[in-house]
Each structure stands twice: as C-alpha cells, then as structure tokens.
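Undergrad: Below is the structure I would like to discuss, written out as structure tokens.
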Ligand SMILES: Cc1ncc(COP(=O)(O)O)c(C=O)c1O
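Residue numbers (the working numbering), protein chains in the order written: chain Y, 452 to 544; chain E, 6 to 321.
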C-alpha cells in the first residue's frame with residue numbers, strides 16, 4: 452500500500468524533470484518518493500542524493516514544509532495528499 | 006534615559022512585547038522581540054557594529070578603508086550607517102529584486118550599490134561579492150556569512166537580553182539567513198538554559214531562483230556549519246508568502262506591530278509551533294519594521310495579488 456504525494460520541483464531542476472513544476476508520485480516514505488522521482492527522471496539522481504544515499508548538502512527536502520532533517524530524514528513517512536518540496540539551499544541576509 | 010553620544014549606543018537592548026492574544030493555544034504565550042527598534046531599523050545593526058569593531062580592533066579596517074559586502078538589504082543598511090559615521094567607503098552587492106526602499110536607504114547612508122542579477126537571488130550576490138573580493142584584495146570583505154562576530158553579537162547581546170527579560174522562555178523562533186541570530190542565541194541558551202528549543206523559519210526562495218546551474222550552486226553559510234548547524238536546531242520549516250503576509254497583517258492589525266514580512270514568517274512559525282505544544286513560552290524575532298516593504302503593497306493591497314507578486318522579491 453502506498454500513498455500519493457505531490458512533489459514540487461524547483462526551477463533549477465525543471466530541465467531535468469521534463470519541465471514539470473510538480474509531479475504526482477507514490478510511496479510510503481520520502482525515500483520511496485525520491486527513488487520514484489529519479490526512476491522517472493534519472494537525470495535528477497546525482498543532484499539529489501550523494502554516494503551514501505543521503506540528501507545532498509545543498510538540497511533541502513520538506514514534507515508539508517517541514518525540513519526532513521528534523522523528521523526521520525529519508526525514512527520520514529508520507530500520507531496521501533502530502534506535499535514534498537525540494538529546494539536548493541539559499542543565503543539570506 | 007541617559008543622553009547618548011551616538012546612535013550606535015542605541016543598538017541592542019530591544020524591548021519584548023507580549024502578543025499572546027494571537028496564540029492559537031491559550032497555554033502557550035508568544036512574545037515578540039522588537040529588533041526593529043534598532044537605529045538603522047533591523048537586527049543587523051548588532052552584527053554590523055560587532056563586525057566593524059572587530060575589524061578595527063585587529064587592524065583590518067584603517068581610516069579611509071573600502072568595504073565590500075553582499076546583502077539583501079538589512080546588513081548593508083546597518084553597515085552603511087556605521088561606515089558613514091566612521092568615514093569608510095562601503096560597496097554593497099545587492100540583488101536587483103529587493104524593494105526600492107532598501108536601495109534608497111543604502112543611498113541615504115551613502116553606500117555604493119553593485120547590482121547582482123535578480124534571477125540568482127541572494128546566492129548570486131554572495132558569489133559576485135566573493136569574486137570581487139578576490140579581484141580587489143585591498144577591499145575589506147567582512148563577509149557576514151563567515152564572520153565570527155555575527156553569531157558572537159547574538160551570543161553576547163540578543164541571547165542574554167532574551168533570557169534576562171523572559172526567564173521562563175521554552176522556545177525560540179527566528180528567520181534563517183546567515184544563521185547568525187539562531188546560532189548565536191542558540192549557543193547562549195545551550196550554556197544558560199539548555200531546555201530552550203530553537204526553531205528556524207525560511208522563505209521558499211530557492212523555488213524560483215533560476216541562476217543556479219545545479220544544486221551544487223546552493224549555499225550553506227560557514228557560520229551555520231561552524232556553530233552547530235542542524236544539530237543546534239530542533240526544527241526548520243518553510244513559511245510561504247500567504248502565511249507570511251497573513252501574519253504580517255495580523256501583527257499590524259491585532260498587535261499594532263508594523264513589522265517586515267520575514268517577521269510575519271517568524272510569527273507564523275511561532276503560531277504553528279504553539280499549536281503543537283502543551284504549554285510554553287515562545288520568543289520570536291521581529292527583525293525589522295514594515296517601512297522597507299510598503300512599496301510591495303504587503304499591508305494594504307489585495308492579499309491574493311500580493312501573495313503572487315511577493316514571490317519575485319527577496320525579503321529575507
Ligand atoms: C529581513 C530578515 N529576516 C531574517 C534574517 C535572518 O537573520 P540571520 O542572518 O541572523 O540568520 C535577515 C537577515 O538575514 C533579514 O534581513
């Protein structure tokens with residue numbers, strides 16, 4: 452059983468994601484969703500995950516706007532209708 | 006109140022206002038620390054003064070020095086005020102998509118503006134400043150993102166002030182830019198009130214930034230990495246324009262606090278947190294006033310229209 456979530460793609464990654472600004476994907480965890488995403492758009496793989504399988508340093512992933520580094524990282528579970536956002540780290544100030 | 010010699014003596018010691026009537030949870034108090042009361046109008050007065058004093062003390066800054074700094078506005082404005090008083094020449098690398106008020110304040114204080122492309126957002130300003138500092142080694146590059154005086158100003162100023170005024174604080178919420186506020190206050194709380202939990206809010210700025218070739222052009226400030234980073238925080242969330250603007254307006258209309266948009270984001274984060282707590286006392290930072298955002302229509306225009314248009318403006 453898996454849940455369908457909406458994944459928001461930032462402008463910088465859209466060329467590697469068929470130009471889409473969001474994609475509907477299924478999974479039980481954020482890890483499942485990321486795997487499904489790179490399954491459909493393999494060009495995203497090296498942009499999102501490092502060699503150890505962690506989310507890359509300059510990438511922030513959020514479930515319903517909460518950074519998954521403070522949840523269960525890629526093991527964070529997702530529910531039907533959740534929104535997963537991928538954003539590049541940006542400076543402020 | 007004693008008469009002071011300079012506006013620089015008025016930096017810090019900012020007041021805290023109880024806005025608990027805005028809390029969605031009657032058992033959670035919410036308190037606003039008004040950094041907007043600083044003389045150049047933002048929390049950044051603290052770090053500008055600290056960075057300049059440190060560079061004067063170690064001889065980096067000499068009479069007549071030229072300074073270079075990337076800033077989306079507040080740090081630049083604070084530095085400009087001090088440089089004007091001290092006779093330094095200041096160059097600010099400023100993204101083109103900031104409000105005209107920010108640009109005008111820099112000009113009012115005599116700073117020179119070097120524009121950086123809107124599409125690259127503040128990462129682009131940082132990159133351009135780094136390049137210029139290599140080309141011009143004689144320019145003093147304080148570099149707020151990597152300057153120890155930035156978090157230290159909050160470790161020795163903001164943090165102690167908060168704990169003195171609100172001894173029963175349980176949670177702290179602030180915007181994440183250079184991370185100086187959160188890392189510095191967090192380091193102070195870790196030593197003096199280790200039960201206090203630290204929460205960051207950020208705008209979804211990365212969503213529309215176009216000038217990045219890949220996510221490797223993303224940016225994590227050295228201050229964040231050196232001062233504990235993720236491990237020093239208990240949570241971090243995006244606050245989107247709709248929530249930021251709604252809470253900015255509620256602060257004006259229901260508490261009389263005319264705050265900037267990132268302060269609305271911090272208040273939104275505080276309200277969200279309050280919903281999830283059994284009880285507690287949350288302090289959040291009002292990092293600047295609303296003056297510099299009037300031209301966006303944030304306070305008066307149709308909300309839906311502003312929600313759309315604000316996405317293209319750097320307001321953190
Ligand atoms: C308007 C505004 N909000 C929030 C912040 C975040 O503060 P800090 O740089 O200490 O993380 C800044 C500065 O970056 C700012 O100018």
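We treat Cβ as the ideally placed atom computed from N, Cα and C, and that holds for glycine.
Compute the minimum distance between the beta carbon of residue 275 of chain E and the heavy atoms of ligand 1, and state whether it is under 8 Å.
TA: Against the second chain, residue 275 of chain E aligns to sequence position 270. Checking the Cβ of residue 275 of chain E against ligand 1 gives no.
Undergrad: Counting only C-beta atoms, is residue 245 of chain E closer than 9 Å to chain Y at any point?
TA: Stepping through the second chain from its first residue, residue 245 of chain E is reached at position 240. Closer than 9 Å: yes.
Undergrad: Is it buried or exposed for residue 18 of chain E, if we count other Cβ within 10 angstroms and need 16 for buried?
TA: Taking the first residue of the second chain as 1, we reach residue 18 of chain E at position 13. Exposed is the call here.
Undergrad: Three or more beta-carbon pairs under 8 Å between the stretch 187 to 195 of chain E and the stretch 267 to 277 of chain E, yes or no?
TA: no
Undergrad: Helix or strand or just coil, what does DSSP make of residue 477 of chain Y?
TA: Position 26 of the first chain holds residue 477 of chain Y. In the structure shown, residue 477 of chain Y adopts extended strand secondary structure according to DSSP, grouped into three states.
Undergrad: Between the stretch 109 to 128 of chain E and chain Y, which residues of the former have a C-beta closer than 8 Å to a C-beta of the latter?
TA: 126, 127, 128
Undergrad: Buried or exposed for residue 10 of chain E, going by 16 or more other Cβ atoms inside 10 Å?
TA: In the second chain, the residue the question calls residue 10 of chain E occupies position 5. With fewer than 16 other Cβ atoms within 10 Å, it is exposed.
Undergrad: Using 9 Å as the threshold, is the C-beta distance between residue 161 of chain E and residue 52 of chain E below it?
TA: The count along the second chain starts at 1 and reaches residue 161 of chain E at position 156. The count along the second chain starts at 1 and reaches residue 52 of chain E at position 47. Contact: no.
Undergrad: When burial is assigned at 16 or more other CB atoms within 10 Å of the CB, is residue 495 of chain Y buried or exposed?
TA: Sequence index remark: in the first chain, residue 495 of chain Y carries index 44 (1-based). Classification of residue 495 of chain Y: buried, given that the 10 Å Cβ count is 16 or more.
Undergrad: Verify the CB distance criterion: does residue 298 of chain E have a CB-CB separation below 9 Å to chain Y?
TA: If you number the second chain from 1, residue 298 of chain E lands on position 293. Not one chain Y Cβ lies under 9 Å of residue 298 of chain E.
Undergrad: Would you say residue 235 of chain E faces chain Y, with C-beta separation under 9 Å as the test?
TA: Your numbering for residue 235 of chain E matches position 230 in the second chain. True, the Cβ-Cβ gap to chain Y drops below 9 Å.
Undergrad: Sorted by chain position, which residues of the same chain lie with C-beta nearer than 8 Å to residue 510 of chain Y's C-beta, five sequence neighbours on each side aside?
TA: The residue you call residue 510 of chain Y lines up with position 59 of the first chain. Closer than 8 Å at the Cβ level, and outside the excluded window around residue 510 of chain Y, lie 498, 499, 537, 538, 539, 540.
Undergrad: Residue 531 of chain Y lies in the alpha helix (DSSP H); which residues open and close that run?
TA: One-based indexing of the first chain puts residue 531 of chain Y at position 80. Neither: residue 531 of chain Y is in no alpha helix (DSSP H) and is coded neither H nor E.
Undergrad: Kindly indicate if chain E contains any beta-carbon less than 9 Å away from that of residue 493 of chain Y.
TA: Translated into the one-based positions of the first chain, residue 493 of chain Y becomes position 42. Contact of residue 493 of chain Y with chain E is not assigned, every C-beta pair being separated by 9 Å or more.
Undergrad: If you run the structure through DSSP and keep just helix, strand and coil, what is residue 298 of chain E?
TA: Position 293 of the second chain, counted from the first residue, corresponds to residue 298 of chain E. In the structure shown, residue 298 of chain E sits in a helix (DSSP, three-state: H, G or I).
Undergrad: Report the CB separation of residue 131 of chain E from residue 94 of chain E in whole angstroms; it is logged as a contact under 8 Å.
TA: Reading the second chain from its first residue, position 126 is the one you call residue 131 of chain E. Reading the second chain from its first residue, position 89 is the one you call residue 94 of chain E. At roughly 21 Å, the Cβ-Cβ gap does not stay under 8 Å, so residue 131 of chain E and residue 94 of chain E are not in contact.
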